[in-house]
Amino acid sequence: QVQLVESGGGLVMPGGSLRLSCAASGFTFSTYVMSWYRQAPGKERELVASIGRTGDGINYADSVKGRFSISRDNVRDMVYLQMNSLKSEDTAVYYCYTWHYGNLWGRGTQVTVSS
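In the numbering used here, the protein residues as written are 48 to 162.
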């Protein structure tokens, strides 16, 4: 079954850290560019970070540069998002994404940054 499954979200205080994981299955993971998106309440879904097939070609949204880090493991078919120095405006549902004969989204994981 072709799917993406996110995990690692939760409630964290401002300034804290979280590591999101995305497990891919059902396709040749190493041949696909992978991305993380997020959607905050009342806002459009936005690209957070993307990573090329071999771990190069990394891009970040300006709002997360210097705080977030994307990585991948092509042996375990996993992609990660390390989030540091979290702010309240990072509160959102975070989605794993790739293009596989069309849009392929995970169900998302909630990240809430609040004191």
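Ideal placement from N, C-alpha and C gives every residue a C-beta, glycine not left out. Please read these numbers as outputs of a predicted model, since none were measured by experiment.
How many Å lie between W152 and S97 at the Cα?
14 angstroms
Out of S118, R154, Y144 and R114, which one is the CA nearest neighbour of G62?
R114
Nearest candidate by alpha-carbon position, reference L51, set V158, T159, M81 and R85:
If we check each option's Cα against that of L51, M81 comes out closest.
Buried or exposed (CB count within 10 angstroms, at least 16 for buried), R154
exposed
Taking just the CA atoms, how far does S162 sit from M125?
30 angstroms
Just to confirm before moving on: does the CB-CB distance between A139 and V158 stay below 8 angstroms?
yes
With C-beta atoms as the reference, is S68 less than 8 angstroms away from E53?
For S68 and E53, yes; Cβs fall inside 8 angstroms.
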